[in-house]
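Scroll down for the structure; my scribbles are underneath it.
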Amino acid sequence: MRQGKVDNRTKLIMLLVITAAAIALFLCYGLTQKNLGYFLPLRLKKLAAITLVSYSVGYSAVVFQTITGNKILTPSVMGLDSLYLFVQTVIVFFFQSKTLTVMKGNLNFMISVAVMVGLSWLLYLLLFKGEHKNIYFLLLAGMVFGRLFGGMASFMQVLLDPNEFEVLQGKMFASFTSINTGLLGISAVICMGCLLMTWRDNKKLDVLALGADTAVNLGVDYKQLVRKHLMIVSVLISVSTALVGPITFLGLLVVSLARQLMDTYRHGELTKSACLLSMCFLIYGLFLVEKVFSMGTTLSVIINFTGGLYFLYYMMRQAKA
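So this is what it looks like as structure tokens:
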């Protein structure tokens, strides 16, 4: 047992070293004394956004899989990505793209987060109660609403003027190149609040991973713990989506790799490794987009393509097992 702990600690240290190397490469590549004052602040801003998104996606994906007891589900099944695109589409459809362009970043951010968090919390409060309701009923409702919002958004997008749709298209993919600096402070405060609220829950989540009945028998308040973390997951995903845009497969990719790498049930180690892996993927992916592909593609395309391939590989491996 002791050897397993040391081994996992060594793996975390290796992940830290790899992440530090990625950060150093991202910040220092191509810098000279002449361009240092211009490029370094921009890269630091992107790094701050990457850190917030990595924590939000990594932590929420690990916890969501524990709550659902399913290792292929991520918070994206709740339809928050579709709801975000629906909100942006409604703004452009009814108020034209000028409103989306002129609208202050803080206002758009707060509207998006408020709608996503408000509707998800309402869904939790209405559906996750009663003796005969369970987490899978809630997931089914989330998937249905996600399809509904996605369909409504697609319908309105078809009716948009091509010029209006071009402006909207910039919100449909994750982007770290045009981040509003003022949003980083708000996002950091929200993420820090979520971190403080969940810091002491790792051991309870370890017990919850054994199953609902076992957790209840061991003294865990199952419904209170699940409701609390579902709400926190919705907040984290809403913040990361409103900050940079939707990233569908990142959570599944980093959590699956974290479980294979760490080979443990302890959430303290799983969440740390998932967050570090998320940072590595985002940093190296952004480096490829900017330096190799010369902005010819987007980061979300690379991540979703890689995540999709890994998902197919994972499903084929599970079928053979």
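Note that numbering that gives the first Met the number 0 gives residue 164 to position 165 of the sequence shown, counting from 1, and the numbers run on in steps of one.
We treat Cβ as the ideally placed atom computed from N, Cα and C, and that holds for glycine.
Tell me which same chain residues have a C-beta within less than 6 Å of the C-beta of L249, skipping the five on either side of it?
-> Counted from its first residue, the sequence shown places residue 249 at position 250. Contacts found: V56 and I302.
Measure the Cβ-Cβ separation of F175 and V112 and say whether it is below 9 Å.
-> Residue mapping note: residue 175 aligns to position 176 of the sequence shown, counting from 1. Residue mapping note: residue 112 aligns to position 113 of the sequence shown, counting from 1. Cβ atoms of F175 and V112: not closer than 9 Å.
Where do the N-terminal and C-terminal ends of the alpha helix (DSSP H) with T247 fall, by residue?
-> Reading the sequence shown from its first residue, position 248 is the one you call residue 247. Taken as a continuous stretch (DSSP letters only), T247 belongs to no alpha helix (DSSP H), as it is neither H nor E.
Boundaries of the alpha helix (DSSP H) in which F233 is found, first to last residue = Residue 233 sits at position 234 when you count from the first residue of the sequence shown. Reading off the sequence shown, one finds Ser at residue 233, where the question assumed Phe. It spans Y221 to V243 - the alpha helix (DSSP H) in which S233 sits, taken as one unbroken run.
Go to Q168, then tell me how far its alpha helix (DSSP H) extends in each direction, as first and last residue.
-> To locate residue 168, count along the sequence shown from 1; it is residue 169. Start and end: P161 to Q168.
Given V300, which residues of its chain have a CB within under 6 Å of its CB, disregarding the five upstream and five downstream residues?
-> Here the question's residue 300 lines up with position 301 in the sequence shown. Excluding sequence neighbours, V300 sits near nothing in its chain.
Quick one: what does DSSP say I282 is sitting in, helix, strand or coil?
-> Here the question's residue 282 lines up with position 283 in the sequence shown. Helix at I282.
Report buried or exposed for M261, applying the criterion of at least 16 other Cβ atoms within 10 angstroms of its Cβ.
-> Translated into the one-based positions of the sequence shown, residue 261 becomes position 262. The residue is buried, with at least 16 neighbouring Cβ atoms inside 10 Å.
Is S75 near M230, with beta carbons less than 9 Å apart?
-> Your numbering for residue 75 matches position 76 in the sequence shown. Your numbering for residue 230 matches position 231 in the sequence shown. Against a cut-off of 9 Å, the Cβ pair of M230 and S75 comes out as no contact.
Under three-state DSSP, which class holds V32?
-> Along the sequence shown, read from residue 1 onward, the residue named residue 32 stands at position 33. The residue you asked about is not Val; residue 32 is Gln in the sequence shown. DSSP places Q32 in coil when its eight states are reduced to three.
Three-way DSSP call (helix, strand, coil) for D212 in this model | Numbered from 1 along the sequence shown, position 213 holds the residue referred to as residue 212. Here D212 sits in helix by DSSP.
State yes or no: is the C-beta of L137 within less than 9 Å of the C-beta of L122?
-> Indexing the sequence shown from 1 puts residue 137 at position 138. Indexing the sequence shown from 1 puts residue 122 at position 123. Taking 9 Å as the Cβ cut-off, L137 and L122 qualify as a contacting pair.
Any contact of the segment 304-317 with the segment 85-97, i.e. 3+ C-beta pairs under 8 Å?
-> no
Do T321 and H228 have their C-beta atoms within less than 9 Å of each other?
-> In the structure as shown, the chain starts at 0 and stops at 320, and residue 321 therefore has no counterpart that could be examined.
Mapping DSSP to helix, strand and coil, what is R316?
-> Counting from 1 along the sequence shown, the entry for residue 316 is found at position 317. Here R316 sits in helix by DSSP.
When you compare each of G284, C190 and K45 to I236 by their alpha carbons, which one comes out closest?
-> Counting from 1 along the sequence shown, the entry for residue 236 is found at position 237. Ranking G284, C190 and K45 by Cα distance to I236 puts C190 first.
How far does the alpha helix (DSSP H) with F136 in it reach, from first residue to last?
-> The count along the sequence shown starts at 1 and reaches residue 136 at position 137. Where F136 is concerned, the enclosing alpha helix (DSSP H) stretches over I134 to L158.
Per DSSP, what kind of secondary structure is T270 in: helix, strand or coil?
-> Translated into positions along the sequence shown, residue 270 becomes position 271. Residue state, collapsed to three classes: helix.
Which residues in the same chain as L26 place their Cβ atom closer than 6 Å to its Cβ, once the five residues preceding and following it in sequence are excluded?
-> Residue mapping note: residue 26 aligns to position 27 of the sequence shown, counting from 1. Cβ within range, chain order: R42.
Express the C-alpha separation of I110 and G29 in angstroms, rounding to a whole number.
-> Along the sequence shown, one-based indexing puts residue 29 at 30. Along the sequence shown, one-based indexing puts residue 110 at 111. Taking the straight line joining both Cα atoms gives about 38 Å.
Residues of its chain near T18, where Cβ-Cβ distance is below 6 Å and the 5 sequence neighbours each way are ignored = By one-based count along the sequence shown, residue 18 stands at place 19. Excluding residues within five positions, the ones whose Cβ falls inside 6 Å are L275, M278 and C279.
At least 3 beta-carbon pairs within less than 8 Å: the segment 161-170 vs the segment 202-219 | no
Alpha-carbon to alpha-carbon, F304 and Y135 = Taking the first residue of the sequence shown as 1, we reach residue 135 at position 136. Taking the first residue of the sequence shown as 1, we reach residue 304 at position 305. Those two C-alpha atoms are separated by around 28 Å.
For V234, which residues of its own chain have a beta-carbon under 7 Å away from its beta-carbon, when the five flanking residues on both sides are left out?
-> The count along the sequence shown starts at 1 and reaches residue 234 at position 235. Around V234: V116, I189 and C193.
Rounded separation between L82 and I49 - CA only | Mapped onto the sequence shown, residue 82 falls at position 83. Mapped onto the sequence shown, residue 49 falls at position 50. If I take the Cα positions, the gap works out to 22 Å.
What span of residues does the alpha helix (DSSP H) with T263 cover, start to end?
-> As a first step, residue 263 is located in the sequence shown; it is residue number 264 there, counting from the start. From DSSP, T263 is part of no alpha helix (DSSP H); its letter is neither H nor E.
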